[in-house]
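Novice:
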């Protein structure tokens, strides 16, 4: 029972063997197709995305995931620094801040970054000088906290900008990722589905063979038994005949009748044997 | 002498306020609060002190609604006391509200300047600074109208008159407007407690002068520190310093010329208390750090603002050691405000899972 | 090769749709910008319990499609939930849409439309 761990759960019948065989054929055809049109070829023909490796995509998605989690923590720290402002100022500065916002000090520059031949958009944060809408916030009370909070939030926004770059790269690479997805399917089909189907077929075959062997052995046993029985009968018969011959020799009148009886008995025995052999 | 007739008019109020003071949370209470795992636990712990006011809160309320409800209690008590106050005490309590009024008017000015519907702002106003004619200010559609109605309708008129014109409201940063008003207010309040026939020479004047002088100095120092790196000029800055206090006039003069934290430190050198704070907060050395209250820098040191708050609380606490004084009302309000800020802080630390900083509250009892 | 420069070169601002605390914090960081009068458009929207979904959607559309100077749009996750259908169907690269946590609503990667795409991709 080789590969018992990696096969589909089927009853080893001839019908399922047929099913598996057609499945394997389908998987192989599909795999050949996927292979023939594999990702490097697709990308090579795609003018926008020349040769980006799946490694880079995995890398980007991994970094998105990581950065998003990091963002959760960073934003929490920032929110806490705002709580400190509320504590120090002893009131709500929200409205005042909203109304004093005039010109963005924190801006982004959108540029393109060359990642192994692919131009990916990237954001870069920068601050404009001499632009301070909130410099006097908390002048009489809590100003130091306000400044500290601004710094904390500015750092948090830098993280957000970094994350946005990654994410934009991801969105642009979405197409590539779909293609890679196909490649992943090809790999799955090559390394998982095809071997598994093959294993299943092997298993069914071996099970069927085993059944055949069992059956053959059983029949052989039956045949042996039958032969033994016949031999025993023959011996008995012979004894009877000998006895009869002796009796005939003694009487001599009824011998022909007995001969006839024995002949029919033999014929029946033979026909039975033939049946068993079939 | 003042003790002879004080209780005729003000005995009841004094009793009530001293009762309120005994209801303030103690160090033991705060210890219990900091042990809480959730806001619901916190709510439960606050039950004895704030029961009725917190009852309507939903499970796990946000910290801002918690702060709102705890403030409601202060407001309710303040209004009760105010309703029972007569004569000079009533006037004194009105003065107390002017500070909040300044904040509210500053809010309305901001709204009007940006042509917002100021009616929406009314609910953002501090209830202690509420005055009957406040909705009238919302009718104003431009800053000149607002300026005129402030002059007519509010008790703040004297603070505007002479130092701010309606063009100033348009041109100056709202923080400068606010601090100018506050300076005028502090000076007026100080003048009031020291000249009113019912208060001059009484413990009220004595304690209040101490409190107000401290407040004036604190503002002057804060303004100076916070103005570094901004476009606030030294002459403009000087105009924001109240013209009394322990730093006045020499310290104020030196503050007005200070260019960095070191300069501020030199200016306050003459007053040993402030000098101690500067040393404790590690200010005036190489890094002008805002201290411990900010940015998760940790450490046991307190920031200058923390130390000022601490000092304010201690002055307020000691105000209760004096008999026959209105100052206890002021002190009680300040203590209560600090209590609310403490509760909010602890709630915030619990809600945001920042337990290591939870001990940053200020408790004096 | 590259996306046309016109698609992004003017995008220099961040925009935010969030609750009061988030907006206040981000404005303190200095992202707030109000365009020249007379139209004086803000690049931020404060959402509270009284703000209806239509207003959020309108701001979302304004920041994502109408305005061409927004590079990144930040939106509180719990607000994104309210207009989830719009957020999930938004696939343009510019402006980048970023779901951020708020004080009262910690970040839940399960709800993030982009992370969900990442997940789906790797069949997790």
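Residue numbers (full-length UniProt numbering), protein chains in the order written: chain A, 1 to 278; chain B, 1 to 365; chain C, 1 to 124. Ideal placement from N, C-alpha and C gives every residue a C-beta, glycine not left out.
Considering Cα atoms alone, identify which of B:136, B:317, B:167 is closest to residue 153 of chain B.
Specialist: Closest option to residue 153 of chain B, Cα to Cα, is B:136.
Novice: To the nearest whole angstrom, what separates the beta carbons of residue 234 of chain B and residue 256 of chain B, a pair I think is in contact under 8 angstroms?
Specialist: With 8 angstroms as the limit, residue 234 of chain B and residue 256 of chain B qualify as a contact, their Cβ atoms being about 6 angstroms apart.
Novice: Going by CA-CA distance only, name the one from C:45, C:72, C:64 that's closest to residue 168 of chain A.
Specialist: If we check each option's Cα against that of residue 168 of chain A, C:72 comes out closest.
Novice: Who are the neighbours of residue 11 of chain C on chain A, taking C-beta pairs under 8 angstroms?
Specialist: Residues of chain A passing the Cβ test: 108, 110.
Novice: Give me the chain A residues within the contact set of residue 100 of chain C, using Cβ-Cβ distance strictly less than 8 angstroms, ordered along the chain.
Specialist: Within 8 angstroms Cβ-Cβ: 71, 75, 160.
Novice: Could you tell me whether the Cβ atoms of residue 194 of chain B and residue 200 of chain B are closer together than 8 angstroms?
Specialist: Yes, these two residues count as a Cβ contact at 8 angstroms.
Novice: Please state the DSSP three-state secondary structure of residue 158 of chain B.
Specialist: Of the three classes helix, strand and coil, the one that applies to residue 158 of chain B here is helix, per DSSP.
Novice: Compare the Cα-Cα distances from residue 82 of chain B to each of B:118, B:12, B:101, B:176 and report the closest residue.
Specialist: The residue with the shortest Cα to Cα distance from residue 82 of chain B is B:12.
Novice: May I ask which residues mark the beginning and end of the beta strand (DSSP E) holding residue 76 of chain C?
Specialist: 70-76 is the extent of the beta strand (DSSP E) around residue 76 of chain C.
Novice: Which residue from C:111, C:97, C:115, C:76 puts its Cα closest to that of residue 48 of chain C?
Specialist: It is C:76.
Novice: So which residues on chain C does residue 323 of chain B lean against when the C-beta distance must stay under 8 angstroms?
Specialist: Per Cβ cutoff of 8 angstroms: no residues; residue 323 of chain B is ~45 angstroms from chain C at best.
Novice: Is it the case that the segment 90-104 of chain A contacts the segment 31-43 of chain C, given that we only count it when at least three CB pairs across the two stretches are under 8 angstroms?
Specialist: Enough Cβ pairs lie closer than 8 angstroms, so yes.
Novice: For residue 126 of chain A, write down the residues that DSSP places opposite it in a beta bridge.
Specialist: Beta-bridge pairing links residue 126 of chain A to A:107.
Novice: For residue 40 of chain B, which of B:362, B:239, B:343 has the nearest alpha-carbon?
Specialist: The shortest C-alpha separation from residue 40 of chain B is found at B:343.
Novice: Can you find a CB in chain A that lies within less than 8 angstroms of the CB of residue 72 of chain C?
Specialist: For residue 72 of chain C, the answer is yes, since a Cβ of chain A falls inside 8 angstroms of its Cβ.
Novice: For residue 107 of chain B, which residues in the same chain have their Cβ closer than 7 angstroms to its Cβ, ignoring the five residues on either side in sequence?
Specialist: Same-chain partners within the cutoff: 121, 124, 125.
Novice: Are the CB atoms of residue 26 of chain B and residue 60 of chain B within a distance shorter than 8 angstroms?
Specialist: Contact: no.
Novice: Quick one: which chain F residues come within Cβ less than 7 angstroms of residue 91 of chain C?
Specialist: Absent from the structure is chain F; the protein chains it does hold are A, B and C.
Novice: Of all the residues that make up the segment 303-317 of chain B, which are near chain A by a beta-carbon distance shorter than 8 angstroms?
Specialist: Correct list: 303, 304, 305.
Novice: When the Cα atoms are used, what is the spatial distance from residue 39 of chain A to residue 157 of chain A?
Specialist: Note that residue 39 of chain A has pLDDT 43, beneath the 50 cutoff, so the model's placement of it is unreliable and no number is given.
Novice: Less than 7 angstroms between C-beta atoms, sequence neighbours within five positions excluded: which residues of the same chain meet that for residue 36 of chain B?
Specialist: Contacts found: 42, 45, 350.
Novice: Within a Cβ cutoff of 7 angstroms, which residues of the same chain sit near residue 83 of chain C, ignoring the five residues on either side of it in sequence?
Specialist: Closer than 7 angstroms at Cβ, skipping near neighbours: 53, 56, 57, 60.
Novice: Under the three-state reduction of DSSP, which class applies to residue 200 of chain B: helix, strand or coil?
Specialist: Three-state result, residue 200 of chain B: coil.
Novice: What is the DSSP secondary structure of residue 112 of chain A, counted as helix, strand or coil?
Specialist: Residue 112 of chain A falls in the strand class under three-state DSSP.
Novice: Could you tell me the alpha carbon to alpha carbon distance between residue 125 of chain C and residue 100 of chain C, rounded to whole angstroms?
Specialist: This structure gives no information on residue 125 of chain C, because the portion of chain C shown stretches from 1 to 124.
Novice: Distance, Cα to Cα, residue 64 of chain A vs residue 65 of chain C?
Specialist: Residue 64 of chain A and residue 65 of chain C: Cα-Cα distance of roughly 24 angstroms.
Novice: Report buried or exposed for residue 19 of chain B, applying the criterion of at least 16 other Cβ atoms within 10 angstroms of its Cβ.
Specialist: Exposed is the call here.
Novice: Curious, which full-length beta strand (DSSP E) runs of at least 3 residues does the segment 253-289 of chain B contain?
Specialist: Complete beta strand (DSSP E) runs here, min 3: none at all.
Novice: Got a sec: which bits of the segment 90-103 of chain A sit with their beta carbon under 8 angstroms from any beta carbon on chain B, in order along the chain?
Specialist: Correct list: 90, 91, 92, 95, 96, 99, 100.
Novice: Below 7 angstroms on C-beta distance, what does residue 104 of chain C contact in chain B?
Specialist: Per Cβ cutoff of 7 angstroms: 62.
Novice: What are the boundary residues of the alpha helix (DSSP H) that residue 169 of chain B is part of?
Specialist: Segment 166-171, the alpha helix (DSSP H) holding residue 169 of chain B.
Novice: Apart from the five residues on each side of it in sequence, which residues of its chain come closer than 6 angstroms, Cβ to Cβ, to residue 17 of chain A?
Specialist: Once the five neighbours on either side are set aside, the close Cβ partners of residue 17 of chain A are 204.
Novice: Using only the alpha-carbon positions, how far apart do residue 361 of chain B and residue 178 of chain B sit?
Specialist: So the two alpha carbons sit approximately 27 angstroms from each other.
Novice: Compare the Cα-Cα distances from residue 45 of chain C to each of C:39, C:22, C:29, C:38 and report the closest residue.
Specialist: Closest option to residue 45 of chain C, Cα to Cα, is C:22.
Novice: What residue range is occupied by the uninterrupted beta strand (DSSP E) comprising residue 17 of chain C?
Specialist: Residue 17 of chain C -> beta strand (DSSP E) spans 13-18.
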